[in-house]
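S.K.:
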Amino acid sequence: MPRPLKISLMLVLFGTTFYITHFHYELRPSDVRDIVLSFGWWGPLVFFLIYAIGPLVFLPTSVLSLGAGLAFGVWPGVLYILFGATAAAVTGYVMARLFGRSVLKVEKYPWSEKLFAQMEARGFLYVFVLRLIPLVSFDLLSYAGGIAKVRFKSFLLATVLGMIPGTLAYSFLGASLASGSVTTIFIAALVFVSLLGVTYYFRNPVKKWLGLTSE
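Take the sequence shown: its position 144, counting from 1, is numbered 146 in this note's numbering, and each next residue is one higher.
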């Protein structure tokens, strides 16, 4: 891509990012619910589009996922989150392929070069494990996948499969809050906390296994 075009696109990107994050900084799950439901039958499509542009405007994926559970219920929420989050992952991946390392300050992460090298060789495995046990942020992993030139099909499949447990937990928790049932909320919270506990327990072993240490 010609350098002037890259610069122009980056200016538009960061201008849009500044505007949206400046005026919509405190986005809550209830805000997501209210926005998508206000569009009626178009709500799922609006949710999909909001999720898809998340990497461009730094929208928190956790808030969007809880909002889906609040708005649509457990199983529709799971479906819409999977579609939306997959689109967001593709957005981050494509951004990295177009703009290269300019989208990510790799020098901030001492393990980044090792990660990129190993992702090139075992992209599916790395993306799958890091979606399942999110040691790095959702968007950061998408950028890394694009920079490391992980095969698109491998990136896509690993992303979808790795997101399933977390997607279920977020949607169930959001839907339980909408139900108002104390029992349902308790069970959903227990599932959510258990998933966080598993992530925390395996954090260091997985980090070491994947080479995400500065040592």
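Beta carbons: idealized from backbone N, C-alpha and C, even for Gly.
Quick one: what does DSSP say residue 103 is sitting in, helix, strand or coil?
M.R.: Here residue 103 sits in helix by DSSP.
S.K.: Could you tell me how far apart the beta carbons of residue 148 and residue 94 are, in whole angstroms, since I believe they sit closer than 8 Å?
M.R.: The pair is a contact, with the Cβ atoms about 7 Å apart (cut-off 8 Å).
S.K.: Between the stretch 168-177 and the stretch 65-75, can you find at least three pairs of beta-carbon atoms closer than 8 Å?
M.R.: Yes, they touch.
S.K.: So, residue 34 versus residue 41, is the Cβ gap smaller than 8 Å?
M.R.: Not closer than 8 Å, so no.
S.K.: Apply the 10 Å Cβ neighbour rule to residue 36 and answer buried if 16 or more other Cβ atoms are within range, or exposed otherwise.
M.R.: That one is exposed.
S.K.: From residue 154 to residue 131, what does the alpha carbon distance come to, in whole angstroms?
M.R.: Their backbone Cα atoms lie some 16 Å apart in a straight line.
S.K.: Could you check what DSSP says for residue 176 in three-state terms: helix, strand or coil?
M.R.: In this structure, residue 176 counts as helix in the three-state DSSP scheme.
S.K.: Count the other CB atoms within 10 Å of the CB of residue 202; is the residue buried (16 or more) or exposed (fewer)?
M.R.: That one is exposed.
S.K.: How close, in whole Å, do the beta carbons of residue 86 and residue 53 come, if the pair is a contact with beta carbons under 8 Å?
M.R.: Confirmed, Cβ separation roughly 3 Å.
S.K.: Quick one: is the Cβ of residue 168 within less than 7 Å of any heavy atom of the ligand SAH?
M.R.: Among the components modelled here there is no ligand, and therefore nothing to report on the ligand SAH.
S.K.: Which same chain residues, not among the five before or five after residue 38, have their C-beta less than 6 Å away from its C-beta?
M.R.: Answer for residue 38: 45, 48, 49 and 73, listed in chain order.
S.K.: Tell me the start and end of each unbroken alpha helix (DSSP H) in the stretch 53-137 that is at least 4 residues and wholly inside, in chain order.
M.R.: Within the stretch 53-137, the complete alpha helix (DSSP H) runs of at least 4 residues are 56-59, 63-74, 76-101, 114-123 and 125-134.
S.K.: Grab me the residues of residue 190's own chain with a C-beta within less than 7 Å of its C-beta, minus the 5 sequence neighbours each way, in chain order.
M.R.: So the list reads 174, 175 and 178, once near-sequence residues are dropped.
S.K.: Taking C-beta to C-beta, are residue 124 and residue 160 nearer than 8 Å?
M.R.: For residue 124 and residue 160, no; Cβs fall outside 8 Å.
S.K.: Which term fits residue 24, buried or exposed, when burial requires 16 or more other beta carbons within 10 angstroms of its beta carbon?
M.R.: In this predicted model, residue 24 has a pLDDT of only 46, less than 50, meaning its place in the structure is not dependable enough to derive any value.
S.K.: Which same chain residues, not among the five before or five after residue 187, have their C-beta less than 7 Å away from its C-beta?
M.R.: For residue 187, where only same-chain residues beyond five positions count, the Cβ hits under 7 Å are 178 and 179.
S.K.: Give me the Cβ distance between residue 117 and residue 146, rounded to the nearest whole Å; I'm assuming they're in contact under 8 Å.
M.R.: Confirmed, about 6 Å.
S.K.: Which of the three DSSP states is assigned to residue 151 in this structure?
M.R.: Three-state result, residue 151: coil.
S.K.: Report the three-state DSSP secondary structure of residue 182 (helix, strand or coil).
M.R.: Residue state, collapsed to three classes: coil.
S.K.: For residue 159, which three-state DSSP category applies?
M.R.: Residue 159 falls in the helix class under three-state DSSP.
S.K.: Taking 8 Å as the cut-off, decide whether the C-beta atoms of residue 169 and residue 55 are in contact.
M.R.: No, they are not a contact pair.
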